[in-house]
Amino acid sequence: MTFLKVIRFLAGCSIIGGFFRALMTPLALVLGAESVPELVSGVLGTLFMGMGMFGLYMLHVKGMGKLGFAAFILHSIGSFILMALVFSNLVFAVFDPHVLESDAAPLPFIIAGTLVMPLMVGSMILFAVTVLKTKVFSKLPALLLLLSPVVNFLPIVSDFSPLIWGLAFLLFGIEVWKKTANKALTKLDLDNVSA
Numbered sequence: 006m007t008f009l010k011v012i013r014f015l016a017g018c019s020i021i022g023g024f025f026r027a028l029m030t031p032l033a034l035v036l037g038a039e040s041v042p043e044l045v046s047g048v049l050g051t052l053f054m055g056m057g058m059f060g061l062y063m064l065h066v067k068g069m070g071k072l073g074f075a076a077f078i079l080h081s082i083g084s085f086i087l088m089a090l091v092f093s094n095l096v097f098a099v100f101d102p103h104v105l106e107s108d109a110a111p112l113p114f115i116i117a118g119t120l121v122m123p124l125m126v127g128s129m130i131l132f133a134v135t136v137l138k139t140k141v142f143s144k145l146p147a148l149l150l151l152l153s154p155v156v157n158f159l160p161i162v163s164d165f166s167p168l169i170w171g172l173a174f175l176l177f178g179i180e181v182w183k184k185t186a187n188k189a190l191t192k193l194d195l196d197n198v199s200a
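Position in the sequence shown (from 1) plus 5 gives the number in my numbering.
(1) Just curious, the alpha helix (DSSP H) that Pro1 is in, first and last residue?
(2) Would you mind sorting Thr185 into buried or exposed? The rule is 16 or more other CB atoms within 10 Å of its CB.
(3) If you follow the alpha helix (DSSP H) that Ala16 is part of, which residue opens it and which one closes it?
(4) Do Gly57 and Phe132 have their C-beta atoms within less than 9 angstroms of each other?
(5) Is Lys67 helix, strand or coil when you go by DSSP?
(6) So Ser19 packs on Gly178, CB below 8 angstroms; how close in whole Å?
(7) Is the distance from the Cβ of Gly60 to the Cβ of Leu15 below 9 angstroms?
(8) Here's the rule: buried if 16 or more other CB atoms are within 10 angstroms of the residue's CB, otherwise exposed. What is Pro167?
(9) Between Val121 and the rest of its own chain, which residues show a CB-CB distance below 8 angstroms, the 5 nearest in sequence each way excluded?
(10) Measuring straight from C-alpha to C-alpha, what distance separates Asn187 and Thr7?
(11) Hey, out of Met69, Glu43, Gly55, whose CA is closest to Leu137's CA?
(12) Could you give the DSSP three-state label for Ser128: helix, strand or coil?
(13) If we call anything under 9 angstroms between Cβ atoms a contact, is Leu207 one with Val181?
(14) Using a Cβ-Cβ cutoff of less than 8 angstroms, which residues in the same chain neighbour Thr51 once the five nearest sequence positions on both sides are dropped?
(15) To which residues of the same chain is Phe165 closer than 6 angstroms at the C-beta, ignoring the five residues directly before and after it?
(16) Is the beta carbon of Leu152 less than 9 angstroms from the beta carbon of Leu176?
(17) Output the boundary residues of the alpha helix (DSSP H) element that contains Asn187.
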């Protein structure tokens, strides 16, 4: 498998992950937050978005610089922790729902929950700022990525944060997919693909 095919595969992961992350919002609104379909969508979204981030970063590794690398690392660590949390919630929702209804969460959940929010919000902001600064991708997905954590903290519209976050990754993935459609691109050319 060539480097180009790897990036295209990871772009596909970003598209799939963005779709499943965005799907969480309608599922939560119709079936309720912490419903099994919403949690399955969350696990798949987090898994594929985490993989897709590798493709987004690898396409423009040189152009993104240190800020992009920091966003990539924060997102990778945050995605792993977030996926573990969502997967744990899914397991409890299926096998022991009263754990999710209790007032006191287990200590590992408290620790992971405390870590994941700053990691994910920080990575979203850093990645969006990097994209806006370097112009390696178009502005719309970067602006959506900046909007997602803001919406997450607004009480009335917080359920729409996964939708916005998912759309950002879906658009990033589509952009990478299109940029790498030219089979003549080589590994050395990837950093020079125009935005």
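Cβ coordinates follow ideal geometry from the N, Cα and C atoms, glycine included. As the structure is a computational prediction, the values presented were derived from the model and not from experiment.
Walking through what the data contain:
(1) Any question about residue 1 goes unanswered here, given that the chain covers just 6 to 200.
(2) With 16 or more Cβ atoms within 10 Å of its Cβ, Thr185 is classed as buried.
(3) 8-36
(4) no
(5) helix
(6) 3 angstroms
(7) yes
(8) buried
(9) Gly83, Ile86, Leu87, Leu90
(10) 13 angstroms
(11) Met69
(12) helix
(13) Absent from the structure is residue 207, since the part of the chain shown begins at 6 and ends at 200.
(14) Gly22, Arg26, Ser84, Leu87, Met88, Val91
(15) Thr30, Val156
(16) no
(17) It is not in any alpha helix (DSSP H) - Asn187 carries neither H nor E in the DSSP assignment.
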